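In the numbering used here, the protein residues as written are 3 to 183. The beta-carbon is built from N, C-alpha and C at its ideal position, and this holds for glycine as well. Predicted, not measured: the structure shown is a model, and the values here were computed from it.
Rendered as structure tokens:
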């Protein structure tokens, strides 16, 4: 009987560690990361918000960026290099890098993955950059819908030197960014 009790305690301990790992990682990113603002666009321009969340993509983080690896496998890691030299403007994606160490002086990297030949689009190329959804009170999410639709929204993130990102908030940009952001 003592052995089975020990097994239960061990299993509960492992579960507790796993449950604590995710918030601890987020907390670590928020504590050690640099604040970065990036322009975002809706995933679905006809329905940018669904209930308690909004799905978005980061403007300009596309496979056409310099440094795209044509031989990369689906799911392979890549880092999007962002120019943060203009403090009053959202960071701009400038190229892709194979390592977070490839960032320059006024640059920050965000971790991404190559998406190549998905089931919905066998010949397509894309980048998967996360976080890509914002969960909040329904009224907050609904209020942000028009800004997302008008391409006037930004994500405020904390980003570590290794490219891990934590979404702090999604908000209207204050206008003037348009598609060119």
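Query: For a test of the three-state rule: what should DSSP assign to residue 163, helix, strand or coil?; Result: coil
Query: Helix, strand or coil for residue 134, going by three-state DSSP, please let me know.; Result: coil
Query: Would you check if the region 111-121 and the region 76-94 touch, i.e. whether three or more CB-CB distances between them fall below 8 Å?; Result: yes
Query: Residue 150 lies in the alpha helix (DSSP H); which residues open and close that run?; Result: 140-151
Query: Between the beta-carbon of residue 42 and the beta-carbon of residue 61, is there less than 8 Å?; Result: yes
Query: Decide if residue 98 is buried, meaning its Cβ has at least 16 other Cβ atoms within 10 Å, or exposed.; Result: buried
Query: Helix, strand or coil for residue 101? Go by DSSP, reduced to three states.; Result: coil
Query: Can you give me the C-alpha to C-alpha distance between residue 70 and residue 77, rounded to a whole angstrom?; Result: 13 Å
Query: Which residue comes first and which comes last in the beta strand (DSSP E) that contains residue 44?; Result: 36-44
Query: Tell me which residues share the same chain as residue 156 and place their Cβ nearer than 7 Å to its Cβ, disregarding the 5 neighbours each side in the sequence.; Result: 39, 40, 41, 42, 92, 173, 175
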